[in-house]
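So the structure is just underneath, and the comments pick up after that.
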Amino acid sequence: MNILYLLVGVSLLAALFFLGLFVWAVKSGQYEDMFSPSVRILFDDDDHSRSDETSDEKNDIEKNK
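Structure representation (structure tokens):
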């Protein structure tokens with residue numbers, strides 16, 4: 025029976041800890057922009073890597089001449 029008191033106490037401490045983390049996340053602005061992450065997949069981020077690949081291909085062609 026004593027273990028139940030320990031488990032209830034530990035679970036309350038864990039709940040308060042996670043509640044504190046949630047409050048911290050809200051106050052620090054983690055949930056301010058809800059639109060951008062959902063459309064971020066639609067935008068290309070590979071512009072720099074594509075230009076590097078084409079310059080590497082040009083260098084390979086020039087070396088093979």
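For the sequence shown, our numbering begins at 25 and goes up steadily by one. Where a beta carbon is used, it is the ideal one built from N, C-alpha and C, also for glycine. Just so it is clear, the structure is predicted and the values come from calculations on it, not from any experiment.
Give the DSSP-derived three-state secondary structure of Asp-84 in the structure shown.
For the purposes of this step, residue 84 is taken as residue 60 along the sequence shown, with counting starting at 1. It is helical.
Could you give the first and the last residue of the continuous alpha helix (DSSP H) run that contains Trp-28?
For the purposes of this step, residue 28 is taken as residue 4 along the sequence shown, with counting starting at 1. It is worth fixing the name first, because residue 28 is Leu in this sequence and not Trp. Unbroken alpha helix (DSSP H) run through Leu-28: 26-51.
Using the C-alpha atoms, what's the distance from Glu-56 back to Asn-35?
As a position in the sequence shown, residue 35 is number 11, starting the count at 1. As a position in the sequence shown, residue 56 is number 32, starting the count at 1. Reading off the sequence, residue 35 comes out as Ser, not Asn. Cα to Cα, the separation comes out at about 30 Å.
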